[in-house]
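Protein chains in written order, with my numbering: chain W, -15 to 450; chain H, 294 to 720. Glycine included, every Cβ here is placed at the ideal spot set by N, Cα and C. What follows is a set of notes on a single structure, which appears directly below.
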Amino acid sequence: MNTRVRRGLIFIISFVFVLLIALTYRQAFSDEIASHPGNHRALIEEFSIERGKLLAADGTILARSEERNKIYHRVYPEGKVFASVTGYYSPTRGRFGLEASLSRWLAAKDYFRSFDDWRDSLMKRKRRGLDVKLTIRPDLQMKSWELLEGHRGAIVALDPRTGAVLALASRPSYDPNMIDEKWREIVSSDGLLLNRATQGLYPPGSTFKIVTTAGALDSGIATPDKMYDGAASLKVYGSQVTNFANKDVGKLSLAKAFAKSTNTIFAQVGLDLGAPRLVNAAKKFGLGKSPPFELPVAKSSIPSPGSMDKVMVAWTAVGQGKTLVTPLQMALISAAVANEGKVYRPFIVDTVGEENDLVYRSQRPRLWSDATTKETSKQITQMMEDVVLSGTGRAAALTGIMVAGKTGTAEFGKESAPHAWFIGFAPADDPKIAIAVFLEQGGLGGQAAAPIARQVFEKAVGSGIQ
Amino acid sequence: MITTARRNTELWGLILVSLIFYAGTAIVRATQAGFFSFLPINAVTLLFAFLIAHLFLRYGAREADSLLFPICAYLATLGLIELRSLENPSAETQQLWFLIGISLIVLIGFFIRRPANLSEYKYIAGTIGILLLLSPIFFGAVRGGSKLWLIVGGYSFQPAELAKIFLVVFLAAYLSEKKEVLATGRRRFIGLYWPHIRHFGPLILTWFLSLAILVLERDLGSSLIFFSLFLILLYIATGRVAYVFVGIFLFLLGATSAYYLFSHVAVRVNVWLNPLPADISGSSYQVAQSLFSLAAGGLSGVGLGAGLLGRQISMPAVHTDFIFSALGEELGLAGSAAVVLGYVFFLAKGFQISLSAKNDFSKLLAAGLTTVIGVQVFVIIGGIIKLIPMTGVTLPFISYGGSSMISNFIIVGLLMAISRQNHEYSS
């Protein structure tokens, strides 16, 4: 009988070994199973971390985590106003905006700096994410948000001396607190999730004349005093470039034409400059690439020189071609002029970590692109001052402080109202804030966008921007 | 001298198990409460219980096997640690059941000096076994889709757990007595010689019994365990492989009909074939979550007290049928393989006792008791890792449950009594 007992043992033990092999397979080679959509482990793990706060420059809390039933929920005390900055973080809808791009710090998941971090992670102790302090100024952001009331549009304000983003508002927007409850509504409504400040692409209109002018002055084909004929319309190969309201402005210097935003003159400048130099000037200001930034940025674009005929070159120089820009890009152009021709890398993250235990501090300034020369930028600044003093941008003027700016009115269809632009900086002699105001179908830049810009400048100066 | 050395092995084994318990509970507490505490009250209680049991065995049952007790204490300890890690309120109760289990080992080791004599009670044992098995059909309460529970005066217990011991006693006694007649037959039928039908009577009854459990109590697991036990003992007793094949054929026949006749069987099989449909919230929820947790465990596990199964992820029966999934998640393959290897030792030890037994009844009894544990382990772990369809049975020594703990420790006690008797015969 012992032989058979032995066989019985071998039989049972061999089954148990099959069990061991299958177990090894289940535990060690299980990536496919683990990635099944019904497996919420990764999510649960993520939502059991207390994420760090998002703070504005003055310490205002823009996003914090609140524990309910062992799961952390994200709360956005400022709601819609800062949604274009914070983005959202939801168990079911994922992450968006800075919540997505700064997750490495906010969740501090694989971030070990000390023995304590390592031990806490080993013991699965709850760890707090790192707080991130932004460069955003809540008073400017709030003001920008209020000024956009009733509009679809965006306002971007930068510190031209560093590239720090002071305000980044976009309307219409969504409430990041309601992302789960109102998801359907949010995605089905027109463009609520589109961050117009960084991802909306629009024709620049006459604000682009800054680029054309810079190209012309840098290449030496023109000086501010060079005279042009500002006829009501200019024939280019049987096609026509026309002035606003078909007005004949007579003979004007380039500087005067800039202040009055005369299309026919800038078309001539563009034709004199030629497609390659015009496109090159635009690229030096940053078109054709997206600036490195903490939020996703759409790439502003200009057609390649080879693809442009003369008509197109003329219209592009005026700002009405196929050029597409983001409000952030236009703010960078304005900042470049303010900053002696240098474009600094825009950034929104100031510091990461506790006040006396910083993990990261923004480097400032960091050159992104050499747009133009110091001399050219001085000349353009002069012209932009004239725009506000006596030209199309008078509505942006402030008493006691010199504002430099350029209006833009981008037509994109015969039927609808044009997009309104204003880009500029203040104070003109010592720039501390550069902005871009964009209003979708807002009307004339000088009438709709310039007054808004004035109020942003006013707020910035009033609250004593340094 | 040899026997003293043997009991020393047991002592060291039990001390080692106490240390494992201490380390395990300390890690669980450190993970959950966030601080490390050196206070080992529970571990000391357990060590104390071990020492008392050991002293009784040292002086009352010196010749009994010395590894079985530490091995099953090791397994039960892992269960205790895991229940604590699951923050399950049953953790304290389980420790009580464990202590009762230990005393059962001592009592049996002390008082059952001649387990061979149990064969005299074979028909009583058989009758009790059958009554226990069938009782839930008449008095049972349905839990988790199966009718396995008896509720007596506020306490509930699973009679199938105890029934298996009585049935092993009956089968071992009956087969050791009838093995010759069963092994050699005179009548020829479907190409084989068969003994007279009356010798088969009780065996056919057993076969019907396992089908009845399957059909009337919806207990797939117990049905499979009894049937395998029956076939293995039949083979060991008679040496006729043909019986095994006929038995397997009959079982497959029964199982296939059950698949087509009973929806609950069909559901289990379908979940087995497709455990991860796009929507796992239905019948495959437990098996899917179990597979996810094994995957999450990987090689080294997420750490004691840090698993999600049964806490952030709700999981019915995580402390009973699915405790192995929780162990696999927290301790990884390293830990789950350590559990399986614990059973391998247990099986080897049990069969070794069977081999050295001096009479056929004791051999069959030891082999049968060991087989019951072995098959149960295969059925539940195999179900959890999707090797076979999931059937709800407990993981011996580890799952929470009084009925299960008591019957399994009775099995250990009986095996130790047999080993002791072997030794007495040989000296």
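For residue i, count neighbouring Cβ atoms within 10 angstroms of its own Cβ and tell me buried if that reaches 16, exposed if not.
i: residue 1 of chain W; result: exposed
i: residue 720 of chain H; result: Model confidence at residue 720 of chain H stands at a pLDDT of 49, short of 50, so the residue's coordinates are unreliable; what they give is reported in the following sentence. With fewer than 16 other Cβ atoms within 10 Å, it is exposed.
i: residue 80 of chain W; result: buried
i: residue 76 of chain W; result: exposed
i: residue 305 of chain H; result: exposed
i: residue 452 of chain W; result: Because residue 452 of chain W is not part of the residues shown, which for chain W are -15 to 450, the question remains open.
i: residue 597 of chain H; result: buried
i: residue 504 of chain H; result: buried
i: residue 352 of chain H; result: exposed
i: residue 498 of chain H; result: exposed
i: residue 450 of chain H; result: buried
Can you grab the Cα-Cα spacing for the pair residue i / residue j, in whole Å?
i: residue 132 of chain W; j: residue 337 of chain W; result: 33 Å
i: residue 212 of chain W; j: residue 300 of chain W; result: 18 Å
i: residue 22 of chain W; j: residue 388 of chain W; result: 57 Å
i: residue 397 of chain W; j: residue 304 of chain W; result: 11 Å
i: residue 429 of chain W; j: residue 20 of chain W; result: 53 Å
i: residue 447 of chain W; j: residue 272 of chain W; result: 36 Å
i: residue 662 of chain H; j: residue 52 of chain W; result: 50 Å
i: residue 364 of chain H; j: residue 634 of chain H; result: 10 Å
i: residue 24 of chain W; j: residue 568 of chain H; result: 16 Å
i: residue 391 of chain W; j: residue 195 of chain W; result: 13 Å
i: residue 394 of chain W; j: residue 600 of chain H; result: 59 Å
i: residue 708 of chain H; j: residue 579 of chain H; result: 35 Å
i: residue 56 of chain W; j: residue 431 of chain H; result: 50 Å
i: residue 138 of chain W; j: residue 591 of chain H; result: 49 Å
i: residue 297 of chain W; j: residue 259 of chain W; result: 6 Å
i: residue 161 of chain W; j: residue -4 of chain W; result: 58 Å
i: residue 546 of chain H; j: residue 668 of chain H; result: 20 Å
Is the Cβ-Cβ distance between residue i and residue j less than 8 Å?
i: residue 458 of chain H; j: residue 646 of chain H; result: no
i: residue 73 of chain W; j: residue 62 of chain W; result: no
i: residue 406 of chain W; j: residue 381 of chain W; result: no
i: residue 685 of chain H; j: residue 614 of chain H; result: yes
i: residue 269 of chain W; j: residue 320 of chain W; result: yes
i: residue 460 of chain H; j: residue 530 of chain H; result: no
i: residue 120 of chain W; j: residue 40 of chain W; result: yes
i: residue 386 of chain W; j: residue 412 of chain W; result: yes
i: residue 124 of chain W; j: residue 443 of chain W; result: yes
i: residue 420 of chain W; j: residue 140 of chain W; result: yes
Taking the DSSP output, what are the residues bridged to residue i?
i: residue 224 of chain W; result: W:219
i: residue 234 of chain W; result: W:214
i: residue 400 of chain W; result: None; residue 400 of chain W has no bridge partner.
i: residue 50 of chain W; result: W:57
i: residue 341 of chain W; result: W:338
Kindly indicate if chain H contains any beta-carbon less than 8 Å away from that of residue i.
i: residue 127 of chain W; result: no
i: residue 451 of chain W; result: In the structure as shown, chain W starts at -15 and stops at 450, and residue 451 of chain W therefore has no counterpart that could be examined.
i: residue 134 of chain W; result: no
i: residue 8 of chain W; result: yes
i: residue 28 of chain W; result: yes
i: residue 11 of chain W; result: yes
i: residue 74 of chain W; result: no
i: residue -8 of chain W; result: yes
i: residue -3 of chain W; result: yes
i: residue 23 of chain W; result: yes
i: residue 49 of chain W; result: no
i: residue 452 of chain W; result: A question about residue 452 of chain W goes unanswered here, because the residues of chain W that appear run from -15 up to 450.
i: residue 33 of chain W; result: no
i: residue 38 of chain W; result: no
Establish whether the CB of residue i and some CB of chain W are separated by less than 8 Å.
i: residue 465 of chain H; result: no
i: residue 549 of chain H; result: no
i: residue 619 of chain H; result: no
i: residue 664 of chain H; result: yes
i: residue 637 of chain H; result: yes
i: residue 601 of chain H; result: yes
i: residue 457 of chain H; result: no
i: residue 605 of chain H; result: yes
i: residue 653 of chain H; result: yes
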